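Participant: Below is the structure I would like to discuss, written out as structure tokens.
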Amino acid sequence: MNKRASVMHRRLAAIPYADVAGYVRLMNADEAGTLALLDFRREIMDRHITQYGGRTANTAGDSILAEFPSVVDAVQCAVGIQERIAAANEETPKDRRLTFRIGVHVGEVMVRDGDMFGDGVNIAARMEKLAQPGLVCLSGTAYNYVSRVLPLAFDDLGTQLVKNLDVPVRAYLAHPSDHPRSRALPPVHRRSEFNLGRRFHTILNHALVDVTKPEGLTLVEPAVLASLHDAPNIDERRLAERIGIDLPSAQRMVRHLELLGFVRRTPGKHGRDLRLLSLSPEGLELYARLYPAILAVRDRVMAALSERERETLQDLLARVINANELRSDRRSD
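If you count by this note's numbering, then the sequence shown holds residues 1 to 333, one letter each, in order.
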């Protein structure tokens with residue numbers, strides 16, 4: 001019987017290419033120890049690749065080629081790998097540490113039996129050679145997708161000649177922003193959801209203050225504006241239910257927003273009172289300005305998560321909130 005021929009497929013992909021810096025020197029010094037460390041580091045890489053929705057395509061020696069449907073996920077994975085390997089290296093003598101260079105490109109690849117080939121792979125490999133050990137180098141195409149989305153700093157390396165490619169490729173070195181980087185959370189935080197929740201709450205508060213403080217708003221008042229935008233002409237009790245706060249707090253916020261001119265009262269049924277709330281023209285204008293700013297805050301805070309992971313986190317948080325609020329309601333009955 002004739003062996004069935006392999007089929008070649010073409011598709012667009014985000015392509016990270018990783019290689020060990022100084023691999024030959026490390027192997028010459030201690031072949032067995034280097035191979036054992038490489039196995040441990042590949043376990044880290046494999047976990048991250050799977051976590052961010054990618055797959056490992058090719059492995060040869062000390063190199064790893066992966067494929068992702070999303071370039072944002074690919075770059076987050078690459079940066080996360082570098083951070084985790086840097087943390088692991090702290091427990092290894094300096095002269096024995098395995099440090100990776102990673103290149104990322106977005107382009108068309110050819111796939112046969114799971115292995116990838118083509119110019120897209122060639123460019124990713126060239127970006128890897130340009131990366132400093134421990135960092136990630138992006139092609140101009142990959143940079144255009146992620147530069148406004150991920151909280152990274154970029155060094156423009158200019159145009160680079162790529163082997164077997166006539167057109168030069170622009171390259172960017174990606175590294176964490178100037179803010180201090182935490183390599184790993186303290187063990188006490190990893191063991192306690194309360195500590196994790198406290199730190200996450202602090203991050204969210206700081207991010208929201210940057211948006212609300214210039215407008216003279218409290219952290220919850222954007223939720224009041226959003227509720228009245230989505231459901232105008234509701235009373236204070238219904239507003240409190242929609243945003244999940246007690247009635248006195250909702251009343252205080254409404255009074256504050258009324259003083260600022262963002263909320264107004266409209267006549268109730270038969271025009272007998274002025275209990276129903278809606279946004280004023282100024283409130284509508286403010287909401288239109290705040291909404292994209294808050295979305296940008298969300299994307300910045302959650303940049304380390306894929307869309308699927310964001311949805312999972314939202315679902316888990318909603319379940320925790322619902323369960324605890326249900327218990328609270330039962331106690332108050």
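The C-beta atom is built at its ideal place from N, Cα and C for all residues, glycine as well.
Fair warning: this is a prediction, and the values are worked out from it, not measured in the lab.
Let me check understanding here. Comparing Cα to Cα, which of 55, 16 and 60 lies closest to residue 35?
Facilitator: Cα-wise, what sits closest to residue 35 is 60.
Participant: Within 10 Å of its beta-carbon, does residue 126 have 16 or more other beta-carbons around it, so buried, or fewer, so exposed?
Facilitator: Buried, because 16 or more other Cβ atoms sit within 10 Å of the Cβ of residue 126.
Participant: If you check the beta carbons only, do residue 142 and residue 104 fall under 9 angstroms apart?
Facilitator: Yes.
Participant: Determine, using beta carbons only, whether residue 204 and residue 171 come nearer to each other than 9 angstroms.
Facilitator: Against a cut-off of 9 angstroms, the Cβ pair of residue 171 and residue 204 comes out as no contact.
Participant: With distances taken from CA atoms, which of 285, 244, 112 and 293 is nearest residue 324?
Facilitator: With distances taken between Cα atoms, residue 324 lies closest to 244.
Participant: Which same chain residues end up closer than 7 angstroms to residue 231 when comparing Cβ atoms and leaving out the 5 residues on each side of it in sequence?
Facilitator: Closer than 7 angstroms at the Cβ level, and outside the excluded window around residue 231, lie 242.
Participant: To the nearest angstrom, how far is it from the Cα of residue 164 to the Cα of residue 121?
Facilitator: About 12 angstroms.
Participant: Counting along the chain, where does the alpha helix (DSSP H) carrying residue 40 start and finish?
Facilitator: Start and end: 31-51.
Participant: Measuring CB atoms only, is the stretch 211-224 touching the stretch 190-200, in the sense that at least three cross pairs come out at less than 8 angstroms?
Facilitator: The answer is no - the stretch 190-200 does not touch the stretch 211-224, with fewer than three Cβ pairs under 8 angstroms.
Participant: Using CA coordinates, which residue listed in 176, 25 and 287 is at the minimum distance from residue 221?
Facilitator: Ranking the options by Cα distance to residue 221, first place goes to 287.
Participant: Under three-state DSSP, which class holds residue 182?
Facilitator: Confidence at residue 182 is low in this model, with a pLDDT of 41, below 50, so its placement is unreliable and no value can be given for it.
Participant: Just reading off the alpha helix (DSSP H) that residue 249 is part of, what are its end residues?
Facilitator: Its alpha helix (DSSP H) spans residues 247-259.
Participant: Please state whether the Cβ-Cβ distance between residue 85 and residue 100 is less than 9 angstroms.
Facilitator: It is a contact, given that the beta carbons lie within the stated cut-off.
Participant: Could you tell me which uninterrupted alpha helix (DSSP H) segments, each at least 4 residues in length, are contained entirely in the stretch 42-130, listed from first to last along the chain?
Facilitator: Counting whole runs of 4 or more residues, the stretch 42-130 contains the alpha helix (DSSP H) stretches 71-89 and 119-130.
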